[in-house]
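This report refers to the structure that appears directly beneath it.
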Amino acid sequence: MTPLHRKCLLGERLTGEVLLDCHAHIGRHADYVIPDGEPEALAAEMRRLNIRGAFLFQFAGVQTGEVAYGNNLVADACRRVPGRFLGLAMVNPLFERDVLPELERCRDLGFVGIKLINRYQGYPDDGPLLDLICGFAHEHRMPILNHSWGAPLEERLRRYPNAQFITGHWDPGRASLVREYNNLWICTCLPIAHEAFERGMRDLRPDRVLWGSDMSDLNFGCGLGPILLARVSDEIKRRVLGLNMRELLQTCGIPEPPPWPT
Ligand SMILES: [Zn+2]
Numbered sequence: 218m219t220p221l222h223r224k225c226l227l228g229e230r231l232t233g234e235v236l237l238d239c240h241a242h243i244g245r246h247a248d249y250v251i252p253d254g255e256p257e258a259l260a261a262e263m264r265r266l267n268i269r270g271a272f273l274f275q276f277a278g279v280q281t282g283e284v285a286y287g288n289n290l291v292a293d294a295c296r297r298v299p300g301r302f303l304g305l306a307m308v309n310p311l312f313e314r315d316v317l318p319e320l321e322r323c324r325d326l327g328f329v330g331i332k333l334i335n336r337y338q339g340y341p342d343d344g345p346l347l348d349l350i351c352g353f354a355h356e357h358r359m360p361i362l363n364h365s366w367g368a369p370l371e372e373r374l375r376r377y378p379n380a381q382f383i384t385g386h387w388d389p390g391r392a393s394l395v396r397e398y399n400n401l402w403i404c405t406c407l408p409i410a411h412e413a414f415e416r417g418m419r420d421l422r423p424d425r426v427l428w429g430s431d432m433s434d435l436n437f438g439c440g441l442g443p444i445l446l447a448r449v450s451d452e453i454k455r456r457v458l459g460l461n462m463r464e465l466l467q468t469c470g471i472p473e474p475p476p477w478p479t
């Protein structure tokens, strides 16, 4: 049993570790209730578990056109809990034919990257507006996370090398692309079944996998458990839980959330 495995089984705080979350949400969801979804509640839970910070994006625009409203909720959360949340701006390419003004507005508000979910919004993976958005991420050296990238991913990795592409969800099938392109990162976000993490890590580059919680949709523990308990070295777990995201933040010039005061 490794030290991280043991801490997880005992339910101990991961004190001394670097935990950075690449996939968290804020706000309301149209389909169901989000309990304890206020920024302060989310940050309190992060502090309890020693999670330093998270990429944060909205629920609201997932299936509706309310992306500006949702981005404002993210900006508000970043203001209310300074230094913990790193905002990713969402746009809806189906409704907004001109997506750049909203991306510019969010960038002015301090957002550090972009979140896409065009498949839920009914916009095709190979649509030209996605190229415009990836071009924006490339120009500003931003991370850009999509719920699912679909077939055109490789072409975009090649065309926009300064954008850091993140798969919104666990996708070990991208292992060969990850080996080929330094600007592709795989999020562990759920659903990640028992043993799925260790099976995936047999193929994936360990320096390109990022822990994502899907909080406040899911509890932090849902995603942390399968990683902490996996038969994978603690060195790799530490990379996945925070050290890889630290590298991603440095690549993009994004200030890293500091350790919690003791
Ligand atoms: Zn999510």
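Going by the numbering used here, the sequence shown opens with residue 218, and the numbers climb by one from there.
Think of the CB as a built atom: it goes at the ideal place given N, C-alpha and C, for glycine as much as any other residue.
| Check | Outcome |
| --- | --- |
| Below 8 Å on the Cβ atoms is my contact criterion, and I expect L190 with L401 to pass it. Report the Cβ-Cβ distance as a whole number of Å. | As displayed, the chain neither begins before 218 nor continues past 479, which places residue 190 out of reach and without an answer. |
| To the nearest angstrom, how far is the alpha carbon of W425 from that of D451? | Note that residue 425 is Arg in the sequence shown here, rather than Trp. Distance between the alpha carbons of R425 and D451: 16 Å. |
| According to the neighbour-count rule (16 or more other Cβ atoms, all chains shown, within 10 Å of its Cβ), is M263 buried or exposed? | buried |
| Determine contact between the segment 290 to 303 and the segment 312 to 321, defined as no fewer than three beta-carbon pairs at a distance below 8 Å. | no |
| Mind listing which residues have their beta carbon within less than 7 Å of any non-hydrogen atom of ligand 1? Chain order is fine. | H240, H242, G385, C406, D431 and D434 |
| Would you identify the three-state DSSP class for N379, choosing helix, strand or coil? | coil |
| Can you tell me whether DSSP reads Q467 as helix, strand or coil? | helix |
| Can you give the Cα-Cα distance for T219 and G344, rounded to whole angstroms? | 46 Å |
| Taking 8 Å as the cut-off, does the segment 300 to 307 touch the segment 330 to 346 (at least 3 CB pairs, one atom from each stretch)? | yes |
| Report all residues from its chain with a CB closer than 6 Å to the CB of A354; omit the five preceding and five following residues, and keep chain order. | I331, I361 and A380 |
| Rank R358, G390 and P475 by C-alpha distance to the C-alpha of T468 and give the top, closest one. | R358 |
| Determine the direct distance from the alpha carbon of I243 to that of A294, and round the result to whole angstroms. | 8 Å |
| Can you tell which of G438, G459 and I334 has its C-alpha closest to the C-alpha of L227? | G438 |
| What distance in whole Å lies between the Cβ atoms of H240 and E429, which are believed to be in contact at a cut-off of 8 Å? | What sits at residue 429 in the sequence shown is Gly, not Glu. About 3 Å separates the two Cβ atoms, so the contact holds. |
| Note the first and the last residue of the continuous alpha helix (DSSP H) segment covering P360. | Run containing P360: none in the alpha helix (DSSP H); it sits in the beta strand (DSSP E), P360 to N363. |
| Identify every residue that forms a DSSP beta bridge with W402. | I383 |
| Given this structure, state the Cα-to-Cα distance separating G282 from I334, to the nearest angstrom. | 12 Å |
| Short check: CB of S365 to CB of I251, under 9 Å? | no |
| Assuming the contact rule is C-beta atoms closer than 8 Å, L374 and Y398 should be a hit. Round their C-beta distance to whole Å, please. | 4 Å |
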